[in-house]
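Okay, so here's the structure we're looking at.
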Amino acid sequence: MASSTIQLPHRARFSDWFTAFLRSELAPYPGRGATVARMVISATLTMIIIVTFRIPGGVVGALCAFILSRENLLSTAKSAISIVAAFVIGGLFVPIGARMFASIPVTHFLWEAVSLFIVFFLLRTLTNFALATGLSIVATNTLSIWYLPGPAQHNVELTLWQVLGTFIGALVTLSVEVVFHAFSKRDELKDGMHDRLKIIESMLRTYGAGKAADPETNRLLSQYAVVGVGALRRYITRANFTSIQRMQSSALISVIGRSMDFAAALANAYPVLDTALERRAALLAEHVAEIRVCMEEQRSPASWEPERDQGAATPLFSELESLLALIPSIYASQTSIDPRMQILEAEQTSNRLFVEDAFSNREHLRYVLGGTLAAMLCYITYVSLDWPGISTAVTTCVLTALTNIGSSRQKQVLRIAGALLGGFVFGLGAQVFVLPYIDSITGFTVLFAVVSAIGAWVATSSARLSYAGLQIVVAFYFINLSEFSIQLSLSASRDRAIGVLLGISMMWLVFERLYPRAASDQMVRIFVRNLRLMATLVTESGIGADADTIVLIRKQRDQVYRYFGEVNAQADAVPFETGPDRAAHMAARDRIRRWQTSLRTFYLMEIPLLQFRLFGDPSRISEAFRNIERSFLEDCSRAINHVADRLESQLDGKPYEHPPHPGLQKFLESLEASEHTPISAQEEGLLRLTKTISALLDRLEAEAASEPLFATE
Numbered sequence: 091m092a093s094s095t096i097q098l099p100h101r102a103r104f105s106d107w108f109t110a111f112l113r114s115e116l117a118p119y120p121g122r123g124a125t126v127a128r129m130v131i132s133a134t135l136t137m138i139i140i141v142t143f144r145i146p147g148g149v150v151g152a153l154c155a156f157i158l159s160r161e162n163l164l165s166t167a168k169s170a171i172s173i174v175a176a177f178v179i180g181g182l183f184v185p186i187g188a189r190m191f192a193s194i195p196v197t198h199f200l201w202e203a204v205s206l207f208i209v210f211f212l213l214r215t216l217t218n219f220a221l222a223t224g225l226s227i228v229a230t231n232t233l234s235i236w237y238l239p240g241p242a243q244h245n246v247e248l249t250l251w252q253v254l255g256t257f258i259g260a261l262v263t264l265s266v267e268v269v270f271h272a273f274s275k276r277d278e279l280k281d282g283m284h285d286r287l288k289i290i291e292s293m294l295r296t297y298g299a300g301k302a303a304d305p306e307t308n309r310l311l312s313q314y315a316v317v318g319v320g321a322l323r324r325y326i327t328r329a330n331f332t333s334i335q336r337m338q339s340s341a342l343i344s345v346i347g348r349s350m351d352f353a354a355a356l357a358n359a360y361p362v363l364d365t366a367l368e369r370r371a372a373l374l375a376e377h378v379a380e381i382r383v384c385m386e387e388q389r390s391p392a393s394w395e396p397e398r399d400q401g402a403a404t405p406l407f408s409e410l411e412s413l414l415a416l417i418p419s420i421y422a423s424q425t426s427i428d429p430r431m432q433i434l435e436a437e438q439t440s441n442r443l444f445v446e447d448a449f450s451n452r453e454h455l456r457y458v459l460g461g462t463l464a465a466m467l468c469y470i471t472y473v474s475l476d477w478p479g480i481s482t483a484v485t486t487c488v489l490t491a492l493t494n495i496g497s498s499r500q501k502q503v504l505r506i507a508g509a510l511l512g513g514f515v516f517g518l519g520a521q522v523f524v525l526p527y528i529d530s531i532t533g534f535t536v537l538f539a540v541v542s543a544i545g546a547w548v549a550t551s552s553a554r555l556s557y558a559g560l561q562i563v564v565a566f567y568f569i570n571l572s573e574f575s576i577q578l579s580l581s582a583s584r585d586r587a588i589g590v591l592l593g594i595s596m597m598w599l600v601f602e603r604l605y606p607r608a609a610s611d612q613m614v615r616i617f618v619r620n621l622r623l624m625a626t627l628v629t630e631s632g633i634g635a636d637a638d639t640i641v642l643i644r645k646q647r648d649q650v651y652r653y654f655g656e657v658n659a660q661a662d663a664v665p666f667e668t669g670p671d672r673a674a675h676m677a678a679r680d681r682i683r684r685w686q687t688s689l690r691t692f693y694l695m696e697i698p699l700l701q702f703r704l705f706g707d708p709s710r711i712s713e714a715f716r717n718i719e720r721s722f723l724e725d726c727s728r729a730i731n732h733v734a735d736r737l738e739s740q741l742d743g744k745p746y747e748h749p750p751h752p753g754l755q756k757f758l759e760s761l762e763a764s765e766h767t768p769i770s771a772q773e774e775g776l777l778r779l780t781k782t783i784s785a786l787l788d789r790l791e792a793e794a795a796s797e798p799l800f801a802t803e
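91 is the number of the first residue of the sequence shown in my numbering; add one for each residue after it.
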């Protein structure tokens, strides 16, 4: 199987792929309409209050209403409180700094630079996304206020008005969410996984009946394959889950997401399966149906073994069968967690203000310095030209940096497209063709709601497109919500639109020209880094580890989990890359995503073994099991490192000269045969789990050895 060519979606040219990409990203899916409606209602109600009472700087209130988290009521309440607190803190920090430094040009310049450095540092390293967003927006907006000549009392008033506008936006959003959740009981995570499995089941049932899938099923398969599972990942990141629930949900999402990829490719490549496979398809459909029922009833589905007769003509079906067979083992891991594993897997975001490597990771410093440089270039430009109307450039730099998803080229495409649509098409277009014929707030409300709905619909796409939706509303809001009277001149709107483009251009200059990084290169390097970290983790988690080792293992597992997210982010950006090597990069993306699914499953399945090694009584562990486990872990680490070495050598264009590594399953069998001392029932169960892990890693290593990373065929 490993030597068979697996055709996945996303192998078209950029021009062909992009059209299908937009069609799939913008297609409706369950729950999308409700989310868009809540975003539009919140932003529109905030706008009505701001315009009615003519609150200066109220545009930030509408923006906050648009970007606040809506995963669940609790996360919305936390985000609302955090963002209001951020505006209060920022509203106090900036005037105090201005009082001390703003009067002298040199100190004013340094104060701006230091303030922007702090803004980008907090945006990068704070664990609370809403707090970081709020501090960033209020700081950049009030910095532009204190550039004005004064008097100081007027500037203080404008700053306080911004705090009030933010409070209104947060309060309106929270009220809308309370009303919505009072009538809706939808679970976004459970329903999202359930819907995807239901589509796969429908396809398998039609295959089992010897028929081709209907057009609607094919459309949904393609849509979900392109959209991906980014929204579900964001949900578990911000939801109030325990660490074990978060890990289990993450593994399930990864497996189901990859299953959707293979199901979509299977439906596209094989409208009808061979007669010999119809029985397997029908049986697999029954297994998927059981998984859905167990998911609803919150119990573990029964495990099964996929058939090993994997014909060369159907590698996609074999891949789909193998992936779905992993789901019961993920559920089974939930009942195998020792309570003391909380020492190892404790929540990090509940009481930690900064991310763990905030002051040690050089990537954070590079990001902060780059953002500060781009924002200061914007500041120097509008101060040198005495053109305060384009001060929106600095805020745009911060809003541009809100996401760390993907490569700079992906962000560049989304920034420019969003700014052009929101600023010039909707913003200036409304000023010229619509607003002259509107003489009441009712007409403006309709216009505002329509543009907000367009932006919200784009913003509820996957992570590969959603950022463009934010750019659309940012540009439109800055142009049309900063004044409360009819604009007889387009100069103010023009200046704000130019400011947005200036901010985008400076971020492009710094991150794309001065420090370019290909998303495919970063994706593979992070994946290799994660492989090496997991190999180290395997060897360091010996039997009877002390407290310091447990703390170290906890940090390593946290880092592994973060690397999973970073690989997904870079993989989402690869389709935006262009050039002659795009097909090879897309092939590498498909392979890395497939292999990461296996790695995630290994990460979760290893927990029962890890808990036994760390917390089991060493005196009650048999010598036979101790020897088998020690030798297996050492060989397991070598196998993972071999995969990392092979990928890294291909990335650097160097030949990989290393003898093939013997399979872990055979090695484990030889270890068992050499030990004649009996082992306990618990150790027997753990040994069976070890065999499952060895099969998983053998498959990963075989595929990495037989499939060149960048091969397109």
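Beta carbons are placed, not taken as given, at the ideal position from N, Cα and C, and that holds for glycine.
According to the DSSP assignment, W598 belongs to the alpha helix (DSSP H) that extends over S581 to W598. Annotation for W201: the continuous alpha helix (DSSP H) segment containing it runs P195 to T215.
Non-local beta-carbon contacts of A507 in its own chain, meaning distances under 6 Å to residues more than five positions away in sequence, involve A558 in chain order. Within the same chain, Cβ atoms closer than 6 Å to the Cβ of V564 are found at L489, the five residues on either side in sequence being excluded. Between the segment 347 to 359 and the segment 147 to 154 there are fewer than three C-beta pairs closer than 8 Å, too few to call the two in contact. Between the alpha carbons of A303 and A465 lies a gap of roughly 52 Å. In this structure R710 is exposed. Its beta-carbon is surrounded by fewer than 16 other beta-carbon atoms within 10 angstroms. Spatial neighbours of M385 in its own chain (CB-CB distance under 7 Å, excluding positions within 5 residues in sequence) are listed in chain order as K280, M283 and H284.
CA-to-CA, the gap between N245 and R652 works out to about 42 Å. Among the bridge pairs identified by DSSP, F444 is matched with L216.
In the DSSP annotation of this structure, F449 is not part of any alpha helix (DSSP H), being labelled neither H nor E.
Distances from the alpha-carbon of L689 to those of N717, A625 and R672 put A625 closest. DSSP places K280 in the uninterrupted alpha helix (DSSP H) bounded by E278 to G298. In the three-state reduction of the DSSP assignment, L414 falls in the helix class. Shown here, F601 sits in a helix according to DSSP, grouped into three states.
Note that the C-beta distance between L621 and Q646 is not below 8 Å. Considering only M190, R370 and W598, the residue with the shortest C-alpha distance to G461 is W598.
For F257, the CB contacts under 6 Å within the same chain, skipping 5 residues up- and downstream, are V174 in chain order. The beta carbon of A448 lies closer than 7 Å to those of T215 and H454 in the same chain, with the five residues before and after it left out. For the segment 112 to 162, the continuous alpha helix (DSSP H) assignments of 4+ residues that do not extend past its boundaries occur at 122 to 143 and 149 to 157, in sequence order. Taken through DSSP and simplified to helix, strand or coil, D680 comes out as helix.
The closest CA to that of L182, considering only T249, Q612 and A127, is found on T249. Restricting attention to V600, L475 and P120, the CA atom closest to the CA of L459 is found in V600. For Q740, the uninterrupted alpha helix (DSSP H) segment begins and ends at E713 to L741. Looking from the CA of L225, the closest CA among F210, S234 and I235 belongs to F210. Between the segment 294 to 302 and the segment 371 to 387 there are three or more inter-stretch CB-CB distances shorter than 8 Å, so the stretches are counted as touching. Residue burial is scored here from C-beta neighbours: K168 has at least 16 other C-beta atoms within 10 angstroms and is therefore classed as buried.
For I258, the three-state secondary structure derived from DSSP is helix. For R683, same chain residues with a beta-carbon under 6 Å away, outside a window of 5 residues either side, are A661 in chain order. Separation of the CB atoms of L221 and A176 is rounded to 5 Å, and the pair is thereby assigned contact status at 8 Å. Excluding its 5 nearest sequence neighbours in each direction, T482 has C-beta neighbours in its own chain below 6 Å: F568, R586, G589 and V590, listed in chain order. Remark: C-beta atoms of F654 and Q740 do not approach each other more closely than 8 Å. Relative to G517, the option among V503, R505 and V541 whose CA is nearest is V541. Inclusion of V484 and T232 in the CB contact set at 8 Å is not warranted, their separation being larger than that value. Residue nearest to T535 within the set S340, P396, R113 and T134 is T134 (criterion: CA-CA distance). About 6 Å separates the CB atoms of L787 and A729; that is less than 8 Å, so the two are in contact.
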